[in-house]
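Everything below concerns the one structure shown next.
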RNA sequence: GCCGCAGUAGCUCAGUGGUAGAGCGCACCCUUGGUAAGGGUGAGGUCGGGAGUUCAAUCCUCCCCUGCGGCACCA
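Numbering (our numbering), first residue to last: -19 to 620.
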């Protein structure tokens, strides 16, 4: 006999070598029917595994959220079986459950095409309908190796070799098909269910390493039931509607051209939005003691050698050979230029902290496959700044940047911010000691701010460790924006100094920081976050004044003039169209405020306002309307 | 950069080995109307670029460019 503890605290006696399936059956037939896995002493496991005496066991039903990964992982196996049934000789690599679904990597002479997916899916549904039991077997290493060698599965042998000595080698079998697998799995292929869909084929490097062979990956989405699958599909459609590339076109904000891949052509409306962001940031920075500068876009190779970019970053730089046979580079970062500005004149400790800000446009030759609308471009504008301070001021300055960036994100409606701390990478400059100090300063600032963070070992910049601020948007997606980096190296390389109270010349410490990060990217994120419906203070066109009849043209022109005088961005629409047509068009362009004027308003000196997001219309006196709109259109925080 | 897919009017897309079509948009005309599409007429295309096959290529083949989905990269 063994004794099992249940989550409610009850204890149950079962005969020796009983399984979780037996436990479920002993409780009741309907429970047994619903149960697909068990959590034994905190670990998800198969129903068929014998339970140890004294184990704490919780039974997991198929509709339990914790069963979702099992459904997805089961489907990965079913996918692999289907593929090998259809194309014998296809080699299998790995097939995990992932967020929203699963994938399996295959090695095959000719990669899969989208046309293969319905065929594979059909086969998968046959395998599921067969309700073949999953069984777990423990094999000897040599036995497993011999099997996969005979089966022509080199990737499985590599995975087998990666299993630490002493750990068991488990094989999961479904009918005639088997896979090297840690498990667990559910009872039969039938438990995987039919709420899944194969979505795409993609290339993926074996073990995620670009030096390895590229395998052919098949992705699927899967959920516990059709309702959840449909909800996911709806969500995908919603995300597509928010796509800033589509909205950018519909709202006439920007476009791209083949002649400048990864570089934005800003249209008047997009540029207004962009400039509104810069204006806001300029005011916030001024308030925080920054001074704005500007440095050249193209500078000689020797500068980049001094900064270390030539040695560490050249493959990402746009290079230019000039008629006088000099090597220039378009700046990929603003820091070297700022070093030269700092270097002008003698700096005293009284000048520190010195905060040089620049809305500098940087160019980086990003890999072609990385480009993505405004979110990953080859030329972009940073709200960059470099803070020169004494070692003693370092932590306080980090804290100030942290406070500023969090305050700014709040103004834009991003309350959910995560921080990543990336430490020294393999490819780096500077002494271990300065890295210790830099990493220590960032840690200390974060600890003092009391903000939780995640450490990413080896992901820092070549000149220093960095903090990265990751925003979560309205539909739960994460975007990396701001960054804060500590740098002892560049001041040293440039021989930067300040005169200390003792009269001694010392090297300042430098902070690199960008809060929006890239203005281009931040604009894209805002568009997606708001689904194009930007808050009034950011909307490129805040108000359209549209006429119902020609009789109101004069009044409309007057109203627009008054609104503009109060600082609002206003367009008039005097076209020979019906008001319904105009309303529809401006609503689709996501103009937040529409004012309709007909004979009535013209006569009474009033305006009829239609505000996006609210029902119906309101008719007000012009003066009242201007006050109200101008107030609503102010930036979210009073600027100093 | 790698794997796959795609590129036809401003946009969304149809189409064919014999030099192209729709809807929306645009222009003009009629209509002067009250909150998500009033009606008519018309203009608009080097069918991404280059080479090849062919009597003939937007269509078939190859190369390149760009985009899309992943992978890798992302100071």
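Beta carbons: idealized from backbone N, C-alpha and C, even for Gly.
For residue i, write down the residues that DSSP places opposite it in a beta bridge.
{"i": "residue 13", "result": "BP columns for residue 13 are empty, so no partner."}
{"i": "residue 576", "result": "526, 588"}
{"i": "residue 624", "result": "Because the chain spans -19 through 620 in this model, residue 624 falls outside it and cannot be assessed."}
{"i": "residue 452", "result": "458"}
{"i": "residue 246", "result": "234"}
{"i": "residue 398", "result": "450"}
{"i": "residue 539", "result": "Residue 539 is not bridged to any residue."}
{"i": "residue 623", "result": "This structure cannot speak to residue 623, because the chain is shown only from -19 to 620."}
{"i": "residue 601", "result": "586"}
{"i": "residue 352", "result": "356"}
Whole-angstrom Cβ separation of residue i and residue j, contact assumed at under 8 angstroms?
{"i": "residue 70", "j": "residue 88", "result": "5 angstroms"}
{"i": "residue 617", "j": "residue 396", "result": "At roughly 19 angstroms, the Cβ-Cβ gap does not stay under 8 angstroms, so residue 617 and residue 396 are not in contact."}
{"i": "residue 204", "j": "residue 175", "result": "7 angstroms"}
{"i": "residue 250", "j": "residue 233", "result": "3 angstroms"}
{"i": "residue 82", "j": "residue 127", "result": "No, residue 82 and residue 127 are not in contact; Cβ-Cβ is about 24 angstroms, not under 8 angstroms."}
{"i": "residue 160", "j": "residue 124", "result": "7 angstroms"}
{"i": "residue 548", "j": "residue 613", "result": "6 angstroms"}
{"i": "residue 0", "j": "residue 20", "result": "7 angstroms"}
{"i": "residue 31", "j": "residue -18", "result": "6 angstroms"}
{"i": "residue 379", "j": "residue 421", "result": "At roughly 10 angstroms, the Cβ-Cβ gap does not stay under 8 angstroms, so residue 379 and residue 421 are not in contact."}
{"i": "residue -13", "j": "residue 38", "result": "5 angstroms"}
Just to confirm, is the Cβ distance from residue i to residue j under 9 angstroms?
{"i": "residue 481", "j": "residue 263", "result": "no"}
{"i": "residue 332", "j": "residue 478", "result": "yes"}
{"i": "residue 110", "j": "residue 170", "result": "yes"}
{"i": "residue 222", "j": "residue 455", "result": "yes"}
{"i": "residue 150", "j": "residue 114", "result": "no"}
{"i": "residue 289", "j": "residue 319", "result": "no"}
{"i": "residue 609", "j": "residue 586", "result": "no"}
{"i": "residue 465", "j": "residue 451", "result": "no"}
{"i": "residue 26", "j": "residue 18", "result": "yes"}
{"i": "residue 340", "j": "residue 317", "result": "yes"}
{"i": "residue 334", "j": "residue 368", "result": "yes"}
{"i": "residue 535", "j": "residue 604", "result": "no"}
{"i": "residue 544", "j": "residue 573", "result": "no"}
{"i": "residue 462", "j": "residue 354", "result": "no"}
{"i": "residue 270", "j": "residue 336", "result": "yes"}
{"i": "residue 86", "j": "residue 63", "result": "yes"}
{"i": "residue 381", "j": "residue 491", "result": "yes"}
{"i": "residue 458", "j": "residue 417", "result": "no"}
{"i": "residue 297", "j": "residue 226", "result": "no"}
{"i": "residue 73", "j": "residue 186", "result": "yes"}
{"i": "residue 178", "j": "residue 101", "result": "yes"}
{"i": "residue 365", "j": "residue 494", "result": "yes"}
{"i": "residue 529", "j": "residue 578", "result": "yes"}
{"i": "residue 469", "j": "residue 410", "result": "yes"}
{"i": "residue 93", "j": "residue 181", "result": "yes"}
{"i": "residue -7", "j": "residue -16", "result": "yes"}
{"i": "residue 278", "j": "residue 311", "result": "yes"}
{"i": "residue 321", "j": "residue 275", "result": "yes"}
Is residue i close to the ligand COA? I mean its beta-carbon at under 8 angstroms from any heavy atom of the ligand.
{"i": "residue 440", "result": "For the structure depicted, the ligand COA is absent and the ligand set is empty, with no information on it obtainable."}
Original post:
Does the count of Cβ pairs from the region 520 to 530 and the region 549 to 562 closer than 8 angstroms reach three?
Top reply: yes
**OP:** May I have a chain-ordered list of the beta strand (DSSP E) segments no shorter than 3 residues that lie completely inside the region 478 to 511?
**Re:** 489 to 498
**OP:** Say whether the region 466 to 476 touches the region 191 to 198, bearing in mind that this needs 3 or more beta-carbon pairs closer than 8 angstroms, one atom from each stretch.
**Re:** no
Subject >> Within the region 104 to 160, ranges of the alpha helix (DSSP H) (whole runs, at least 4 residues) >> reply: 121 to 130, 134 to 142
Subject >> Segments of 3+ residues assigned as beta strand (DSSP E) that fall wholly inside the region 150 to 233 >> reply: Within the region 150 to 233, the complete beta strand (DSSP E) runs of at least 3 residues are 157 to 160, 176 to 185, 194 to 202.
Original post:
Is the number of C-beta pairs between the region 558 to 566 and the region 507 to 515 that are closer than 8 angstroms three or more?
Top reply: Contact annotation: the region 558 to 566 does not touch the region 507 to 515, with fewer than three C-beta pairs closer than 8 angstroms.
Original post:
Do the region 272 to 286 and the region 300 to 308 meet, that is, are 3 or more Cβ pairs less than 8 angstroms apart?
Top reply: yes
Original post:
Can you give, in chain order, each stretch of the alpha helix (DSSP H) that sits fully within the region 275 to 350 and has at least 4 residues?
Top reply: 281 to 287, 289 to 292, 315 to 322
**OP:** Check whether the region 14 to 23 touches the region -2 to 5, taking contact to mean three or more Cβ pairs, one atom from each stretch, closer than 8 angstroms.
**Re:** yes
Subject >> Given 8 angstroms, three or more beta-carbon pairs between the region 358 to 366 and the region 483 to 502 >> reply: yes
Original post:
Is it a yes or a no for the region 150 to 164 touching the region 115 to 123, going by three-plus beta-carbon pairs under 8 angstroms?
Top reply: yes
**OP:** Would you be able to state if there are at least three C-beta pairs under 8 angstroms between the region 129 to 137 and the region 92 to 100?
**Re:** Touching, no.
Subject >> Uninterrupted alpha helix (DSSP H) stretches inside the region -18 to 38 (no shorter than 4 residues) >> reply: 0 to 7, 9 to 14
Original post:
Is the region 400 to 420 touching the region 428 to 443, taking contact as three or more C-beta pairs under 8 angstroms?
Top reply: yes
Subject >> Inside the region 356 to 425 only - alpha helix (DSSP H) runs reaching at least 4 residues >> reply: Taking only runs of at least 4 residues, the alpha helix (DSSP H) segments lying wholly in the region 356 to 425 are 374 to 391.
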